[in-house]
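For the sequence shown, the numbering used here assigns the number -16 to the initial residue and increments by one for each residue that follows.
Where a beta carbon is used, it is the ideal one built from N, C-alpha and C, also for glycine.
To start, the structure itself, in structure tokens.
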Amino acid sequence: MSKGRSLIPQERKLQQCLNCSTPLQGESFCHECGQENSDKNITLGTLVKDFLGDYFSFDSKFFNTFIPLLIHPGKVPAEFMDGKRVSHVPPLRSLIFTSFIFFLIWGWTFTPEIRQPKEIVEDFDEQIQLDLEEAKAKGDSMVVVGNDNANITFTNVDSLQSDGLMSQIETLKVLLDEGEDLTTAVDSVSNGKKGFERRFYTQVGKMYLSDTASTVKYFVSNFSLMILLVQPVLALLLKLLYIRKKTRFRFIEHIVFSLYYHAWLLIMATIGTLLALGLESLEPEAFAGILGMIYLPMAIKRFYRQSWMKSLGKSFILFLLYLGVIMPLFMVISLALSFYFF
């Protein structure tokens, strides 16, 4: 930076670094901490530059990372582990960045079906009627079927308790639609019980009272955490698949591969989400998944340096375990935790 004309006007240069207080003599940057030697009068452009530079590395690193990541499977993680780390966006930052972009685009394009409470009631009213008729056939004289407003009245809400969990949930919905507050409605269906059962009905009621968009966005937002948690599990599978390879791979190398691969998947999911705006029949998840099945063996072959036969075989095993076990398990855990803390 000492060569050429300084981009910082002389009148804005200071005699002391604002960050570390090191004395300066007209330098454009502090020789101790590297901060630009300028006064406090920053501009909006400075803020944008700092944001893009510090967090998303929108410079040569960005293009050196994401363009090869898209078109050269396995190249970026291989180069990163070969020591070319300064020229690439780090793997964890790549995943966080692509995750941020994906959920931003998804939230922008998500358009839930807007339904009125009356329509929702009508949808499950028929099922409730069937449940009540069944209960009546069993001799439950406490249940009365009528035709007023919501088409159902109850002389004793607890009479449905023996009909199972779904009947209790439907009862809770009807009570809320009739104007009962959440606490009173939950008291009715939980029969005064405490602990998990009461918590369960409370969460169901809170979700029912919330609009569809807020509920769905809340659940989907928690998937970003699931994506992070699944990384060591996939890395462990890779470790087991390559445990007999002569060139032993460290666990951290599998983590790096997994992080970059998921960053690529999120880019594909983002592209699929945008394409779905014009192609209604396109499913972004299927779009990313199918391309991921093609991309994975090519990335594995380049990163782990094995034959096509071994790379294809291990990719097939990995996909079976990933889609058949890991993702369903983590989705169930994510949904359960999201539901519990909603």
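Please give the ranges of any alpha helix (DSSP H) in the stretch 265 to 295, keeping only runs that are unbroken, at least 4 residues long and fully inside the region.
267 to 287
According to DSSP, is Phe12 helix, strand or coil?
strand
Where does the unbroken alpha helix (DSSP H) through His237 begin, and where does it stop?
Element bounds for His237: Phe234 to Leu258.
Start-to-end residues for the alpha helix (DSSP H) that takes in Ile333:
In the structure as shown, the chain starts at -16 and stops at 325, and residue 333 therefore has no counterpart that could be examined.
For the alpha helix (DSSP H) containing Thr48, name the first residue and the last one.
Element bounds for Thr48: Ser43 to Ile54.
As assigned by DSSP and simplified to three states, the class of Glu19
Collapsing the DSSP output to three states places Glu19 in a strand.
Could you have a look at Gln(-2) and say whether DSSP puts it in helix, strand or coil?
coil
With 16 as the cutoff for other CB atoms within 10 Å, does Asn2 come out buried or exposed?
exposed
Determine the direct distance from the alpha carbon of Arg182 to that of Ser82, and round the result to whole angstroms.
31 Å
Under 9 Å between C-beta atoms of Val72 and Phe49:
yes
May I have the straight-line CA-CA distance separating Arg76 from Gly17, to the nearest angstrom?
22 Å
Asn20 to Gln(-1), Cα distance in whole Å?
8 Å
Checking 9 Å against the spacing of the C-beta atoms, do Lys58 and Arg231 come in under that value?
no
Buried versus exposed, by CB contacts within 10 Å (16 or more), Gly188:
buried
What residue from Arg233, Glu263, Leu242 and Leu258 has the CA that sits closest to Leu52's CA?
Leu242
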